[in-house]
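Here the sequence shown stands for residues 0 to 438, where the numbers follow numbering that gives the first Met the number 0.
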Amino acid sequence: MHADRVIQAILKLDYDKSQVSILTSFVENAASCYGLEPADALDLTLASEEIFVYLCSQANQTEQLEIRCRHGGYFVQLQFDFHAGNFDLSAFNLTALQAIDITSDQPETGLLIASRLVDKFSFFKHDGFSQLILRKEKSYPVDHIGPLPPAKAMRDFLVREPEPEELKLLVHYLHYRYESCVIPMSFQSPGKVADMVRYGACKAVIAADKLGSIGGGIFWAWQNAKLVEFWGPYSFGEPENSAVSSRLVEYMISSIARTTVVGLITIAPSPQLPLEYFEPLGTLNMIAPEGTVCKTTCYYRHMHEDSGSSVWASQLVKDFLTREYEKHVFARKIRIVANEGENISQTSVIATDIDKGQAKATLKPIWWGKDDLKLIQAYVKTLLKEGLFNILFEMDLGHSWECYFTPALMESHFEPCLVLPYGGTGDMLMFQYSGGNII
Numbered sequence: 000m001h002a003d004r005v006i007q008a009i010l011k012l013d014y015d016k017s018q019v020s021i022l023t024s025f026v027e028n029a030a031s032c033y034g035l036e037p038a039d040a041l042d043l044t045l046a047s048e049e050i051f052v053y054l055c056s057q058a059n060q061t062e063q064l065e066i067r068c069r070h071g072g073y074f075v076q077l078q079f080d081f082h083a084g085n086f087d088l089s090a091f092n093l094t095a096l097q098a099i100d101i102t103s104d105q106p107e108t109g110l111l112i113a114s115r116l117v118d119k120f121s122f123f124k125h126d127g128f129s130q131l132i133l134r135k136e137k138s139y140p141v142d143h144i145g146p147l148p149p150a151k152a153m154r155d156f157l158v159r160e161p162e163p164e165e166l167k168l169l170v171h172y173l174h175y176r177y178e179s180c181v182i183p184m185s186f187q188s189p190g191k192v193a194d195m196v197r198y199g200a201c202k203a204v205i206a207a208d209k210l211g212s213i214g215g216g217i218f219w220a221w222q223n224a225k226l227v228e229f230w231g232p233y234s235f236g237e238p239e240n241s242a243v244s245s246r247l248v249e250y251m252i253s254s255i256a257r258t259t260v261v262g263l264i265t266i267a268p269s270p271q272l273p274l275e276y277f278e279p280l281g282t283l284n285m286i287a288p289e290g291t292v293c294k295t296t297c298y299y300r301h302m303h304e305d306s307g308s309s310v311w312a313s314q315l316v317k318d319f320l321t322r323e324y325e326k327h328v329f330a331r332k333i334r335i336v337a338n339e340g341e342n343i344s345q346t347s348v349i350a351t352d353i354d355k356g357q358a359k360a361t362l363k364p365i366w367w368g369k370d371d372l373k374l375i376q377a378y379v380k381t382l383l384k385e386g387l388f389n390i391l392f393e394m395d396l397g398h399s400w401e402c403y404f405t406p407a408l409m410e411s412h413f414e415p416c417l418v419l420p421y422g423g424t425g426d427m428l429m430f431q432y433s434g435g436n437i438i
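Written as structure tokens, this is what we have:
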């Protein structure tokens, strides 16, 4: 397997239920070949079967369905490309169990089953062409290593790329030395992080001395061609050497300086972040398990001159955006969106990333429809019942339709709190649930 090229298998089928065994054999064999354990490969296979059966009942029978199974290093991705005018994604909502009887034979039951068998999904539709992407991640052992010996302070060290075993040791140190709020949820397993770096999902460097002792590290990942997000820097020396953190940040900055990246951002900075390299972008109010509120400041750095762009937005957040853009000197033209009576979908779809360690849930819009207010409030009730008090909503201002969620969000006690420049197709506007009462 090579990290520098896409490895995938492709299958084309007619919309005929008699071919379901061809599909399931294809998915199970490809998923197993790409590293999934048998149980995980079976989950993805069963999900593909449910979706295929549903599509056979909905799609244009003269067309063909294309399925791509891609090796992602630490995950396997299944992509369905099809034409189907009535594909109802509402079963993929976290709250769908309340609306669909799992014992019934209605078509959406299969989609509900499929949605619970995978880790992530996304959906795109344009001119009648649809694309559904499912992701199943590899199973890794969680980091349960015992206490590590304290790292020694370093004076003479190099910042360099780590060997795989050094990278895993770095992750062990993270969980031993740091609170979960500054460690990405995806870093729970050292083996997973090693695969993420190997296959290009993120970059990492360490600070190490001549004997190979590790004194710190930093991670970063391209969110798109213009924005890089980073985690760290992490420093383990006792007494602490601030030069470790500074050198790690300098290495990261120099490695992306000649790229197309416009901005560098951290949403969960470590306590050792050298603030002289960055400017504060905004704050998130995170509720700890014991109920205390912690203000987390997010930081940003311009890498190149921002030539400006235009964004879509609801009139309800125009003043907030104007203030943020003026404060951070982001050249933006705000274009207002509003529904003017055109036909819209009956149902909305929202994906959810859950981090139980931080009692956090991040909502991501997949499709907008008339039931947006009802759906958002159902999500809030469900998440609060599960003890997830930190609820965020990510809105890509490069997609005009996502902005239609704004009135429902504001009515449901969400407030705009942070703008991530070039965080998506356009800027990303983050809303946070403020704790108001949902009836």
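Don't be surprised by glycine CBs; every beta carbon is placed ideally from N, CA and C.
Check	Outcome
Check whether Val227 and Ile264 have beta carbons under 9 Å apart	yes
Spatial distance of Phe235 from Tyr403 (CA atoms)	46 Å
Three-pair Cβ contact test at 8 Å for the region 421-434 versus the region 383-400	yes
Residue closest to Val141, alpha-carbon to alpha-carbon, out of Arg322, Gly386, His171 and Met153	His171
Spatial neighbours of Asp194 in its chain, beta-carbon cut-off 7 Å, leaving aside the 5 residues before and after	Gly72 and Tyr73
Val418 versus Asp126 - alpha carbon distance	30 Å
Option nearest Tyr177 by Cα separation, candidates Asp208, Lys191 and Trp230	Trp230
Assigned exposure category for Pro146 - 16 Cβ within 10 Å defines buried	exposed
Alpha-carbon spacing of Leu54 relative to Lys317, whole angstroms	40 Å
Nearest residue (CA-CA) to Ser481, options Thr108, Leu88, Met153 and Gly211	In the structure as shown, the chain begins at 0 and stops at 438. Residue 481 is therefore absent and cannot be evaluated.
Residues sharing a beta bridge with Gly299, DSSP	Looking at the sequence provided, one finds Tyr at residue 299 rather than Gly. Note: Tyr299 sits in a beta bridge opposite Ile264 and Glu278.
The alpha helix (DSSP H) enclosing Gln314, as first and last residue numbers	Here Gln314 belongs to no alpha helix (DSSP H), and DSSP marks it neither H nor E.
Residues near Asp371 in its chain [Cβ-Cβ closer than 6 Å; skip 5 each side]	Ser347, Phe404 and Ala407
DSSP three-state assignment for Thr361, whether helix, strand or coil	strand
Span of the alpha helix (DSSP H) around Cys55	Pro37 to Gln57
Cutoff 9 Å: Tyr198 Cβ touching any chain C Cβ	Chain labels in this structure do not include chain C; a single protein chain is all it has.
Residue from Ile255, Lys202 and Met153 with nearest C-alpha to Gly215	Met153
Three-state secondary structure assigned by DSSP to Ile255	helix
Classification of Ile335 by the beta-carbon crowding that lies within 10 angstroms, buried from 16 upward	exposed
Whether Gly12 touches Glu49 by CB criterion (9 Å)	A small fix is needed here, since residue 12 is Leu in this sequence, not Gly. Their beta carbons are not under 9 Å apart, which means Leu12 does not touch Glu49 by this criterion.
Collapsed DSSP secondary structure at Asn92 in the structure displayed	coil
Helix, strand or coil at Val418 [DSSP, three-state]	strand
Distance between Ile132 and Leu77 (C-alpha atoms, nearest Å)	6 Å
C-alpha distance - Met0 paired with Pro183, whole-angstrom precision	Model confidence at Met0 stands at a pLDDT of 40, short of 50, so the residue's coordinates are unreliable; what they give is reported in the following sentence. So the two alpha carbons sit approximately 26 Å from each other.
Proximity below 9 Å, CB of Ser344 to CB of Trp311	no
Assigned secondary structure, Val379 (DSSP; H/G/I helix, E/B strand, else coil)	helix
Rounded distance between the beta-carbons of Ala206 and Leu168, thought under 8 Å	About 13 Å separates the two Cβ atoms, so there is no contact after all.
Whether Asp208 touches Val261 by CB criterion (9 Å)	no
Same chain, Cβ closer than 6 Å to Ala350, five either side skipped, listed in chain order	Lys363 and Ile365
Cα-Cα separation between Arg197 and Ala224, rounded to whole angstroms	20 Å
Cutoff 6 Å; reference Gly34; Cβ partners in own chain excluding five residues on either side	Lys137
Residue interval of the beta strand (DSSP E) (run including Phe86)	Premise fails: Phe86 is in no beta strand (DSSP E) and is neither H nor E.
Nearest to Met285 (by Cα), restricted to the options Lys359, His301, Tyr298 and Met302	Lys359
Exposed unless 16 or more other CB atoms sit within 10 angstroms - verdict on Cys416	buried
C-beta contact flag for Ala220 and Ala242 at 9 Å	no
C-beta atoms of Tyr378 and Asn28 nearer than 9 Å	no
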